[in-house]
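A.B. asks: In our numbering, the protein residues as written are 1093 to 1802.
All C-beta atoms in this analysis are idealised placements derived from N, C-alpha and C, irrespective of residue type, glycine included.
The structure displayed is predicted, hence computed values, not measured ones.
First the structure, then my questions, so here it is.
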């Protein structure tokens, strides 16, 4: 087992005030975003100049700086992305957090020595996913918040890269990177840093009015266990929060790590921001109704009572860096003062000392002036040197020498050291569109006039009677049904489908598969492979790793969040046989995607908007009264469906189905009809309607295919 004497405290810095609060209260590292391409685009954030200043400030005080480039990007944004990457590298940051494989690719090729951390937006929640990150050269993985302590320990025991976990702050209802509620409701994508947090509004689930709102996490009582589990970094959420919150959180976690009493600090932290209290339900695997909460009036009034007090935590510099000084005042030689922090040295000279007229300078006098390090991050640990007898140096001169050496020392510590760019630069980075050529070029890629149809069913009983695989070239219009997707459990119960559909049958690996289910899932896949299953659908990196390990063809699901050509190409290199493009991308942009990988889109279905491990329908007594489906009603009266996935996780399905059978589409090889709650008769009717390009007689949405995403 990995054991770290002391993991780092990683604090959020949404702006300069939050940055100073984090550093002055003792954070070991901060994470912050630039003006674009970060998951908190509505925070104050940092431009190129203020980023360089922030790095200088932090490094001077021994604090690391991680920059978030953790959003999904589109082809036309790649030139701007490259400029931001260059600015980040020039600023000398310590690491970059990444979601999109396109960002990871450009960073690796342009600045190969700059460490890359996998953001929680990559939705890595199992050991197999971490191993994929290792293969790609990431140095750290930020795990999903949904993992228990035992699951975290299992991952740290068997992986080679650093593991970072969230310990404080907001819980998204959905697994990060897997939420599309904000984008589908209002066109503001959480995957692009503009989440509008609609989950905090009223969503009635059984008797709970705010059924999609979780309390904030607080893992203060569990730091020893996390340290012993080998966690390298303890992350505090909150780049949208005020500096008092950052100060309170860092102070509490630093005290807890130092073995000091922290319970009073926890109370202040809860007062400054909470949603009817805190929860540790994921870490302790107690995922029940106690995890849910909203921000109440009393929570707001409690904050007002502690803000002024918390300001005092960060209003002045924290003297945390020891320096040793050597002072010399000898007759006939200039006065000198040298300071060192053990790595850097600074020396200042003055005039020759004067002859004392009344009282000579003593070592105690010199120490009183030189130990006044207020306003700097230094404190005097040791003073040595020599002072000649009968000499005098004015206090003002001693103060000047002290200020000069400490300023010099601080500048040396904070000096920006840019990362070196690769000698040639990458071919991908020189093209406008990433993989295969400039954005918009077809690069000789031909697509069928009638894309093949891939039908995905929740249950085998939904499959229309008599449905068999069809030849893609044998159907003139409406698209040939060439592939069938079913959950693994359904194929296990209906093994005859393997022979009937052959390579057209695709087993759906659960979108969420945590370490607790790893052995069972592996055995299930091995059994189906041995019975003849050839292909699986992969919604995350961990599933892709499982497919490769077992020699199964991997089809990429929409959960991989592919929005650009370079990411599409990177997934091809990792072994995908085909990919479903994200439904957050417009049809115009889908047509412009380059590269040779076979690709498709979701064309019908109640889209999964959230993936949740803490089920909103689960009561204190568990799942006993659950029928697998639960209605969820929003404040406007729309009804969504909460769908249970084998009691392991839940998905929130949209209130109306996507349907584009009567619309123009192109630039794809296949279309997926995604059936979930429909009856067999409904599935059959919708399939016929889609093939006829008919206009539906039911409410539908075009999704984001024909409008622009923010």
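Return the residue from the list 1715, 1704 and 1775 that minimises the CA-CA distance to residue 1267.
C.D. replies: Closest option to residue 1267, Cα to Cα, is 1704.
A.B. asks: Residue 1592: buried (16+ other C-beta within 10 angstroms of its C-beta) or exposed?
C.D. replies: exposed
A.B. asks: When we look at the beta-carbon of residue 1494 and count the other beta-carbons within 10 Å, is it buried (16 or more) or exposed?
C.D. replies: buried
A.B. asks: Classify residue 1134 as buried or exposed, calling it buried when 16 or more other Cβ atoms lie within 10 Å of its own Cβ.
C.D. replies: exposed
A.B. asks: Closest to residue 1220 by CA distance: which of 1247, 1182 and 1366 is it?
C.D. replies: 1247
A.B. asks: Can you list, in chain order, the stretches of the alpha helix (DSSP H) that have 4 or more residues and sit fully within the segment 1575-1621?
C.D. replies: 1580-1585 and 1588-1593
A.B. asks: Run through DSSP, which three-state label would residue 1172 get?
C.D. replies: helix
A.B. asks: Check whether the segment 1346-1364 and the segment 1407-1422 touch, using three or more Cβ-Cβ pairs below 8 Å as the test.
C.D. replies: By the C-beta criterion, the segment 1346-1364 is judged not to be in contact with the segment 1407-1422, since fewer than 3 inter-stretch pairs fall below 8 Å.
A.B. asks: For residue 1614 and residue 1623, I'd like the C-alpha separation in whole angstroms.
C.D. replies: 14 Å
A.B. asks: How far does the beta strand (DSSP E) with residue 1209 in it reach, from first residue to last?
C.D. replies: 1208-1210
A.B. asks: So, do the segment 1208-1228 and the segment 1252-1261 have three or more beta carbon pairs nearer to each other than 8 Å?
C.D. replies: yes
A.B. asks: Looking at the strands, I want to know which residues DSSP matches up with residue 1160.
C.D. replies: 1125 and 1189
A.B. asks: Which one of 1598, 1740, 1100 and 1117 has the shortest CA to CA distance from residue 1561?
C.D. replies: 1598
A.B. asks: Whose C-alpha, out of 1573, 1769 and 1722, is nearest the C-alpha of residue 1296?
C.D. replies: 1722
A.B. asks: Are the beta-carbon atoms of residue 1758 and residue 1683 separated by less than 8 Å?
C.D. replies: yes
A.B. asks: Given this structure, state the Cα-to-Cα distance separating residue 1197 from residue 1393, to the nearest angstrom.
C.D. replies: The C-alpha of residue 1197 lies about 47 Å from the C-alpha of residue 1393.
A.B. asks: Taking the alpha-carbon of residue 1475 as reference, which of 1490, 1588, 1455 and 1573 has the nearest alpha-carbon?
C.D. replies: Checked all of 1490, 1588, 1455 and 1573; the closest Cα to residue 1475 is 1455.
A.B. asks: May I have the straight-line CA-CA distance separating residue 1653 from residue 1415, to the nearest angstrom?
C.D. replies: Distance between the alpha carbons of residue 1653 and residue 1415 is about 49 Å.
A.B. asks: Quick one: Cα of residue 1073 to Cα of residue 1186, how far?
C.D. replies: Limits of the chain in this structure are 1093 at one end and 1802 at the other, which puts residue 1073 out of reach.
A.B. asks: Does the distance from the CB of residue 1263 to the CB of residue 1309 come in under 8 Å?
C.D. replies: Yes, they are a contact pair.
A.B. asks: Ends of the beta strand (DSSP E) at residue 1335?
C.D. replies: Per DSSP, residue 1335 belongs to no beta strand (DSSP E); it is in the alpha helix (DSSP H), 1335-1349.
A.B. asks: Tell me which residues share the same chain as residue 1643 and place their Cβ nearer than 8 Å to its Cβ, disregarding the 5 neighbours each side in the sequence.
C.D. replies: 1621
A.B. asks: Tell me residue 1484's beta-bridge partners as DSSP assigns them.
C.D. replies: BP columns for residue 1484 point to 1446.
A.B. asks: What is the DSSP secondary structure of residue 1282, reduced to helix, strand or coil?
C.D. replies: helix
A.B. asks: Taking buried to mean at least 16 other C-beta atoms within 10 Å of its own C-beta, is residue 1832 buried or exposed?
C.D. replies: Outside the modelled stretch of the chain, which goes from 1093 to 1802, sits residue 1832, for which no answer is possible.
A.B. asks: What separation, rounded to the nearest whole angstrom, lies between the Cα atoms of residue 1538 and residue 1689?
C.D. replies: 11 Å
A.B. asks: Please name the residue in 1744, 1583 and 1696 whose C-alpha comes closest to that of residue 1547.
C.D. replies: 1696
A.B. asks: Taking 8 Å as the threshold (C-beta atoms), are residue 1452 and residue 1481 in contact?
C.D. replies: yes
A.B. asks: Can you tell me which residues form a DSSP beta bridge with residue 1074?
C.D. replies: Since the first residue of the chain shown is 1093 and the last is 1802, residue 1074 is not available in this structure.
A.B. asks: Taking 8 Å as the threshold (C-beta atoms), are residue 1633 and residue 1617 in contact?
C.D. replies: no
A.B. asks: Checking 8 Å against the spacing of the C-beta atoms, do residue 1190 and residue 1153 come in under that value?
C.D. replies: no
A.B. asks: Rounded to a whole number of angstroms, what is the C-alpha to C-alpha distance between residue 1667 and residue 1619?
C.D. replies: 22 Å
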